[in-house]
Amino acid sequence: MKLDRKNLQKLYRYAYTLTADEDDAYDLLQSAIETSLNKPADRTATSTAYIRTIMKNRYIDEYRHQQSFPQENIDDHAPVSLGESSLENVVIASHDLALLWKTLEPLDREVLFFWAVEGFSMQEIADKLEVSRGTLLSRIHRLRRRLQAEAGVEQRGIA
Amino acid sequence: MKQSLKQQVNQYFRQVELSGPQLTELESLINTQTEKESQRRGSYGYKLVVSGMFFVVVVALFMMSQFPWDASKDMPQRIAEEVVKNHLKLKPLEVKAGTINEIRGYFSKLEFMPVESSMPSLNGMQLIGGRYCSLQGITAAQLRMKQGQNLQTLYQTQYLPDVFGYIPQLEKGESPLVVYARGIKVKIWVEKGLLFALTQAPDVNQSQE
Chain P
266 MKLDRKNLQK LYRYAYTLTA DEDDAYDLLQ SAIETSLNKP ADRTATSTAY
316 IRTIMKNRYI DEYRHQQSFP QENIDDHAPV SLGESSLENV VIASHDLALL
366 WKTLEPLDRE VLFFWAVEGF SMQEIADKLE VSRGTLLSRI HRLRRRLQAE
416 AGVEQRGIA
Chain X
7 MKQSLKQQVN QYFRQVELSG PQLTELESLI NTQTEKESQR RGSYGYKLVV
57 SGMFFVVVVA LFMMSQFPWD ASKDMPQRIA EEVVKNHLKL KPLEVKAGTI
107 NEIRGYFSKL EFMPVESSMP SLNGMQLIGG RYCSLQGITA AQLRMKQGQN
157 LQTLYQTQYL PDVFGYIPQL EKGESPLVVY ARGIKVKIWV EKGLLFALTQ
207 APDVNQSQE
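Those protein sequence lines, which keep their order, are chains P and X.
Residues 266 to 424 (our numbering) make up the first sequence, in order.
Residues 7 to 215 (our numbering) make up the second sequence, in order.
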């Protein structure tokens with residue numbers, strides 16, 4: 266896949282999803298591209314998926330040195346009363362989202378990015394993040410609770 | 007105004023984009039590398055398919071003779087640019103250490119052992135700490151040195167000639183490369199099998215004579 270401007274922007278947004286900082290996102294993207302281009306030539310070397318993987322691994326590595334990368338124990342069997350549509354009904358003000366964004370866990374930011382920007386289904390997101398669907402729904406349930414508590418989100422359209 | 011979370015996240019990400027200069031820099035990086043790669047693959051393919059044809063041999067030989075020169079042509083400049091960029095950022099140290107032994111204890115995940123250099127330019131500099139970093143995609147130790155009131159950055163990473171091209175080696179009596187990036191002098195050399203890059207930013211507190 267050609268790394269054109271559109272793909273570079275997509276990769277940059279993913280890097281920003283991880284870092285929540287524009288300078289760090291650029292550094293992360295640049296170093297991942299350099300790494301991918303230094304690999305022996307094959308078809309995966311310049312694919313966006315491959316570069317995403319490098320960015321995520323490098324980001325986790327960096328976090329291991331700076332602080333622990335969030336490794337939360339989420340009970341797969343925790344009661345989850347909300348389905349895939351639980352985030353669809355949430356409404357929030359833009360300034361609340363901007364304030365909250367940097368305080369979210371990187372994994373929560375990834376979930377929101379894949380769901381809202383990339384348009385992935387919950388199963389696709391679970392596959393991407395290599396977690397079970399139950400784990401993902403538990404995470405979304407907690408994310409939704411946090412949004413309600415900290416940003417005063419509302420639920421709409423439920424009669 | 008409140009909108010659905012999905013719309014808000016989408017709008018939020020619309021504002022997150024690479025600037026024009028950033029895009030240009032990344033495209034330049036990609037083009038430089040892919041040109042080299044296509045040259046390498048091109049010459050290989052020709053040799054296999056039409057190795058008997060004289061003009062192809064000439065072209066392949068030409069490309070092979072050009073490649074080693076081209077690969078390392080601007081590498082020192084790129085190393086200097088990367089080192090200076092990170093030097094100016096002065097990101098927080100992950101470890102504070104005054105000796106190379108303390109530094110070694112922290113950098114246990116590197117594929118090399120940080121060492122002391124005999125480069126005279128390091129005389130009068132005091133090691134104060136470091137952080138994990140990378141140089142041209144290769145994992146590196148970024149060490150911070152104090153020189154009077156001034157801070158300098160010293161990179162150490164394993165020397166991979168295929169990646170970095172030929173860099174002068176101190177043990178062979180060769181002088182380090184001196185490259186300027188963003189107005190800051192950077193010395194680059196190889197010693198004890200490691201590649202070193204040292205900033206020599208002028209002391210802003212020193213009065214001009």
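Beta carbons are placed, not taken as given, at the ideal position from N, Cα and C, and that holds for glycine.
Beta bridge pairing from DSSP links Leu-183 (chain X) with X:Ile-194. Rounded to the nearest whole angstrom, the CA to CA distance from Leu-294 (chain P) to Leu-29 (chain X) is 11 Å.
Contacts with chain X at 8 Å (Cβ-Cβ) do not include Thr-318 (chain P). Secondary structure within the region 89-149 of chain X: the alpha helix (DSSP H) runs of 4 or more consecutive residues, fully enclosed, are 106-112 (chain order). Per DSSP, Tyr-172 (chain X) lies in no beta strand (DSSP E) and is assigned neither H nor E. Assigned with DSSP and collapsed to three states, Thr-38 (chain X) falls in helix. Across the set P:Ile-298, P:Lys-271, P:Gln-413, P:Glu-389, the C-alpha of P:Gln-413 shows the shortest separation from the C-alpha of Leu-362 (chain P). Contact annotation for Ser-34 (chain X) against chain P: no contact, minimum CB-CB distance about 11 Å [criterion: below 7 Å]. The region 10-29 of chain X and the region 275-284 of chain P touch, with three or more beta-carbon pairs separated by less than 8 Å.
In the DSSP assignment, Thr-159 (chain X) is bridged to X:Arg-150. When secondary structure is reduced to three states using DSSP, Leu-372 (chain P) falls in the helix class. Looking at the backbone, the Cα of Gly-111 (chain X) and that of Glu-180 (chain X) are separated by about 31 Å. Around Phe-118 (chain X), no beta-carbon contact reaches into chain P at under 9 Å, the shortest distance being about 16 Å. With respect to the 8 Å criterion, Thr-300 (chain P) and Gly-104 (chain X) are not classified as neighbours on the basis of their beta carbons. In summary, Gln-155 (chain X) is exposed, with fewer than 16 beta-carbon neighbours lying within 10 Å of its beta-carbon over all protein chains present.
Counting of Cβ neighbours within 10 angstroms places Lys-193 (chain X) among the buried residues, the total reaching 16 or more.
Per DSSP, reduced to three states, the secondary structure at Gln-295 (chain P) is helical. A Cβ-Cβ contact shorter than 8 Å links Thr-282 (chain P) with Phe-378 (chain P).
If you compare the alpha carbons of P:Glu-353, P:Thr-284, P:Asp-288, P:Leu-302 with that of Leu-408 (chain P), the shortest gap goes to P:Glu-353. DSSP places Ala-203 (chain X) in the strand class (E or B) of the three-state scheme. Three or more beta-carbon pairs separated by less than 8 Å link the region 83-95 of chain X to the region 152-172 of chain X, which places the two stretches in contact. In the structure shown, Gln-164 (chain X) adopts extended strand secondary structure according to DSSP, grouped into three states.
Nearest CB-CB separation between Asn-156 (chain X) and chain P: not below the 8 Å threshold. For the pair Asp-168 (chain X) and Ala-203 (chain X), the Cα-to-Cα distance works out to about 17 Å.
The beta carbons of Arg-323 (chain P) and Ser-359 (chain P) sit no closer together than 8 Å. Put simply, of X:Glu-41, X:Glu-33, X:Lys-102, X:Ala-187 the residue whose alpha carbon is nearest the alpha carbon of Lys-152 (chain X) is X:Lys-102.
Within chain X, the residues Gly-143, Val-169 have their CB atoms less than 7 Å from the CB of Asn-303 (chain P), given in chain order.
Comparing alpha-carbon positions, the option among X:Ser-123, X:Gln-45, X:Leu-128 lying closest to Gly-199 (chain X) turns out to be X:Ser-123. With 16 or more other Cβ atoms inside 10 Å of its own Cβ, Pro-82 (chain X) counts as buried. Burial is judged here by how many other beta carbons sit within 10 angstroms of a residue's own beta carbon; Asp-292 (chain P) has at least 16 and is buried. Under a 10 Å Cβ-count criterion, Ala-314 (chain P) is classified as exposed, with fewer than 16 other Cβ atoms of the shown protein chains found around its own Cβ.
With 16 or more neighbouring CB atoms inside 10 Å of its own CB, Tyr-138 (chain X) falls in the buried class. Taking the Cα positions, Leu-149 (chain X) is about 15 Å away from Lys-115 (chain X). With a cutoff of 8 Å on beta-carbon distance, Phe-113 (chain X) and Ala-147 (chain X) are scored as near each other. Annotation for Gln-274 (chain P): the continuous alpha helix (DSSP H) segment containing it runs 270-284.
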